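Below is one structure, written out as C-alpha cells, with a few remarks after it.
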Amino acid sequence: ETRLRHLRDKLENALLTIEDTYLNGDRERRLPHMTNISFRHAEAESLIMGFNKNIALSSGSACSSASLEPSYVLKALGLGDDLAHSSLRFGLGRSTTEEQIDFTIEEVTNTVKKMREMSPLWEMYKAGIDLSTVE
C-alpha cells in the first residue's frame with residue numbers, strides 16, 4: 481500500500497504541473513492505487529486514443545467505463561461537463577514500476593500538449609475568451 485501510494489503521488493504531482501490540470505476527489509481519503517485527474521480542454525477519449533496502449537487508464541467511472549457519459553461520481557463532486565469529459569482515471573497495481581510511472585508521465589504530458597495545440601477551445605480559453613458565451 482505504501483509503495484502504491486508513493487507511485488500514485490509521484491504520478492499526480494508530475495501531472496498536476498501541467499497547466500489547468502485538476503485532481504478530482506479528496507487527497508487524503510481514497511484508495512492508494514487510483515487517481516482521477518482532469519485536463520481542461522483536452523477531451524478524455526481523444527487523449528486515450530493518443531496514448532500508448534500500455535497505460536492502464538480510462539475515462540468515466542469504473543462502473544460505466546464503456547459509456548461516453550461523464551462519470552456520475554465526478555458530476556456528484558460538482559464537476560461541470562467540461563472537466564468531467566476531460567478526466568482520466570489511472571489505475572496502479574502490484575506490478576506497477578517506477579519506470580512505468582515515468583513513462584506515463586511523459587506520455588500524458590506530451591499527449592495533453594499535442595491535443596491542446598489542436599484545440600480551438602484551448603486557444604480561445606488562453607486568449608481570455610469566456611467560453612460560456614461561445615455558441
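Under the numbering used here, the first residue of the sequence shown is numbered 481, with each subsequent residue one higher. Where a beta carbon is used, it is the ideal one built from N, C-alpha and C, also for glycine. From a predicted model like this one, the values you see are computed outputs, not experimental measurements.
**Message:** Does chain B have any CB closer than 8 Å to the CB of D582?
**Reply:** Reference to chain B is not applicable here, since this structure consists of a single protein chain.
**Message:** On the CB-based measure, 16 or more other CB atoms within 10 Å of its CB, does M529 come out buried or exposed?
**Reply:** The residue in question, M529, is exposed, as its Cβ has fewer than 16 Cβ neighbours within 10 Å.
**Message:** With H, G and I counted as helix, E and B as strand and the rest as coil, what does DSSP make of I528?
**Reply:** In the structure shown, the three-state DSSP call for I528 is helix.
**Delimiting residues of the alpha helix (DSSP H) encompassing T591** = Going by DSSP, T591 is part of the alpha helix (DSSP H) stretching over 578-597.
**Asked** Contact check, V588 vs L495 under 8 Å by CB: the rounded distance?
**Response** The C-beta separation of V588 from L495 comes to about 6 Å, placing the pair in contact by the 8 Å criterion.
**Message:** Three or more C-beta pairs under 8 Å: does that hold for the stretch 502-518 against the stretch 482-489?
**Reply:** Judged by pairs of C-beta atoms under 8 Å, the stretch 502-518 touches the stretch 482-489, as three or more such pairs exist.
**Prompt:** R574: buried (16+ other C-beta within 10 angstroms of its C-beta) or exposed?
**Reply:** R574 comes out exposed.
**Prompt:** Out of K594, R569, G608, which has the shortest C-alpha to C-alpha gap to L491?
**Reply:** With distances taken between Cα atoms, L491 lies closest to R569.
**Prompt:** Cα separation between F519 and G560?
**Reply:** Roughly 13 Å between the two C-alpha positions.
**Prompt:** Around the C-beta of I609, are 16 or more other C-beta atoms found within 10 angstroms, so that it is buried, or is it exposed?
**Reply:** Taking every protein chain shown into account, the CB of I609 has fewer than 16 other CB atoms within 10 angstroms, so this residue is exposed.
**Asked** Taking the Cβ atom as the reference point for each residue, do T591 and L537 lie within a distance shorter than 8 Å?
**Response** Going by C-beta atoms, T591 is not nearer than 8 Å to L537.
**Message:** So S566 and A607 are supposed to be a Cβ contact under 8 Å. How far apart are they, rounded?
**Reply:** Not a contact, Cβ separation roughly 19 Å.
**Prompt:** At which residues does the beta strand (DSSP E) containing T501 begin and terminate?
**Reply:** T501 -> beta strand (DSSP E) spans 501-503.
**Item:** Rounded separation between M598 and Q580 - CA only
**Value:** If you draw a straight line from the Cα of M598 to the Cα of Q580, it comes to about 27 Å.
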